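The next block holds one structure in the form of structure tokens; read it before the comments.
In my numbering, the protein residues as written are 429 to 655.
Right under this line is the structure:
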């Protein structure tokens with residue numbers, strides 16, 4: 429894409445700056461494949477936030493060319509907020525930030541699809557939706573969000589991409605496992621333009637412990653009473 433830069437001159441519009449955040453806890457078995465599958469030609473930096481891992485997660489991240497930040501509390505939301513604070517200190521903040529947990533290596537190859545609605549249609553937040561049947565937590569959370577806010581999300585998975593100014597405007601604060609739901613609720617509450625893309629099926633995925641409902645329900649009900 430080009431725009432006029434003076435009489436008879438054209439200047440190339442610089443590509444958007446895309447940074448990827450990978451929250452990781454004891455992810456030595458999945459981090460390497462994730463880093464290899466990322467389309468690095470599209471990405472300025474990959475930031476792995478090590479959530480108090482006891483294995484070789486940080487070492488493998490550095491070997492894979494990622495910047496490693498430490499989050500001693502091991503909280504998922506704390507890791508995301510740690511990365512956001514890092515970006516805010518840079519001379520050039522990102523245009524778009526993508527969040528891909530280290531245990532979701534198959535989502536790395538879907539990064540172009542994840543950011544396409546943002547780059548092509550100026551969408552502000554894109555959720556990576558999983559195929560197949562939703563678990564109990566996802567059904568309860570999405571149903572309640574639909575009831576309270578009249579917005580139907582397909583799921584509440586943590587894979588998503590967001591414009592950095594929109595991320596700042598969201599005012600995220602959850603430092604634990606409610607961060608994913610807090611973002612979706614706040615996005616609907618403040619009227620961000622949102623979209624979803626379907627993620628690839630995961631092959632050989634490991635079982636993940638179910639996330640508790642408490643924090644998710646708190647965010648949904650608390651924001652329903654805010655003006």
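Glycine included, every Cβ here is placed at the ideal spot set by N, Cα and C. Quick caveat: nothing in here was measured; it's all calculated off a predicted structure.
Residue 467 sits close to residue 539, with the two beta carbons spaced by under 7 Å. By the C-beta density criterion, residue 605 is buried, having at least 16 other C-beta atoms within 10 angstroms. Taking 7 Å as the cut-off, the Cβ atoms of residue 476 and residue 452 count as close.
In the DSSP assignment, residue 495 falls within the beta strand (DSSP E) that extends over 495 to 498. Sixteen is the threshold: since fewer than 16 other Cβ atoms of the shown chains lie within 10 Å of the Cβ of residue 513, the residue is exposed. Membership of residue 476 in the beta strand (DSSP E) is indicated by the continuous run 473 to 478.
According to the DSSP assignment, residue 556 belongs to the beta strand (DSSP E) that extends over 553 to 557. Pairing residue 524 with residue 480 gives a Cβ-Cβ distance that is not under 7 Å.
Per DSSP, the unbroken alpha helix (DSSP H) holding residue 461 starts and ends at 459 to 465.
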